[in-house]
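Trainee: Before I ask anything, here is the structure I am working with.
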Amino acid sequence: MSKQELVVLDQANGDADNACVPDNACDADDGCCPGLLAAPLDDEQAIELARVFKALGDPVRLRLLSMIASREGGEICVCDLTPAFDLSQPTISHHLKLLRQAGLIDCERRGTWVYYWLLPEMTDKLAGILTRPERPERPGQHAAAGAAAAEASS
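What follows is the structure in structure tokens.
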């Protein structure tokens, strides 16, 4: 089977028509969206995830996301974000736009200011995709890992 013919099946029933696609609101716990280690991604999933990881791959955007996500009350004004960086307001707005396009945050204009909040659906989806599936340990797996770690530290 070529890479183009590879189909990601719904793990629950093996049905290609119910394969997880990026726009579906699905819960990783229900088996719809398997993790990276459970099944290969299709092209659309890989494109969407690459956009999200690219957005998270910049230190400024990662800090912005952290500031937004950790804000008490769940939202923060752009006027409170900008002073935390040694960057111009248009640069901060550009970074926020990329986080919005990746589906990580959303915003609303209220008068002069724009308020931002985290979209937990995307962070939950990322957590589900990155979670390693429960698999039985191979014999000696921990022992070998421990020996390698001990050897590296000496």
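In this text, residue positions in the sequence shown follow our numbering: the first is 11, and each later residue adds one. No residue lacks a Cβ here, since even glycine has one placed at the ideal position from N, Cα and C. No experiment lies behind these values; they were computed from the predicted model shown.
Could you give the distance in angstroms between the alpha-carbon of glutamate 85 and the alpha-carbon of tyrosine 125?
Mentor: Taking the first residue of the sequence shown as 1, we reach residue 85 at position 75. Taking the first residue of the sequence shown as 1, we reach residue 125 at position 115. Straight-line Cα distance between these residues: approximately 6 angstroms.
Trainee: Name the one or two DSSP bridge partners that arginine 120 has.
Mentor: The residue given as residue 120 occupies position 110 in the sequence shown. Bridge partners of arginine 120: Trp123.
Trainee: What's the gap between the Cα of aspartate 96 and the Cα of isoleucine 102?
Mentor: The residue labelled residue 96 in the question sits at position 86 within the sequence shown. The residue labelled residue 102 in the question sits at position 92 within the sequence shown. As the crow flies, the alpha-carbon of aspartate 96 is around 10 angstroms from that of isoleucine 102.
Trainee: When DSSP labels each residue in this structure, what does glutamate 82 get in the three-state scheme?
Mentor: Indexing the sequence shown from 1 puts residue 82 at position 72. In this structure, glutamate 82 counts as coil in the three-state DSSP scheme.
Trainee: Is the separation between the beta-carbon of isoleucine 7 and that of leucine 128 shorter than 7 angstroms?
Mentor: For residue 7 there is no data in the structure shown, the boundaries of the chain being 11 and 164.
Trainee: State the DSSP-derived secondary structure class of leucine 128, mapped to helix, strand or coil.
Mentor: Looking up residue 128 in the sequence shown gives position 118. Leucine 128 falls in the strand class under three-state DSSP.
Trainee: Quick check on the DSSP output: the alpha helix (DSSP H) that includes proline 103 runs from which residue to which?
Mentor: Position 93 of the sequence shown, counting from 1, holds the residue named residue 103. Note that residue 103 is serine in the sequence shown here, rather than proline. Boundaries of the alpha helix (DSSP H) around serine 103: 99-111.
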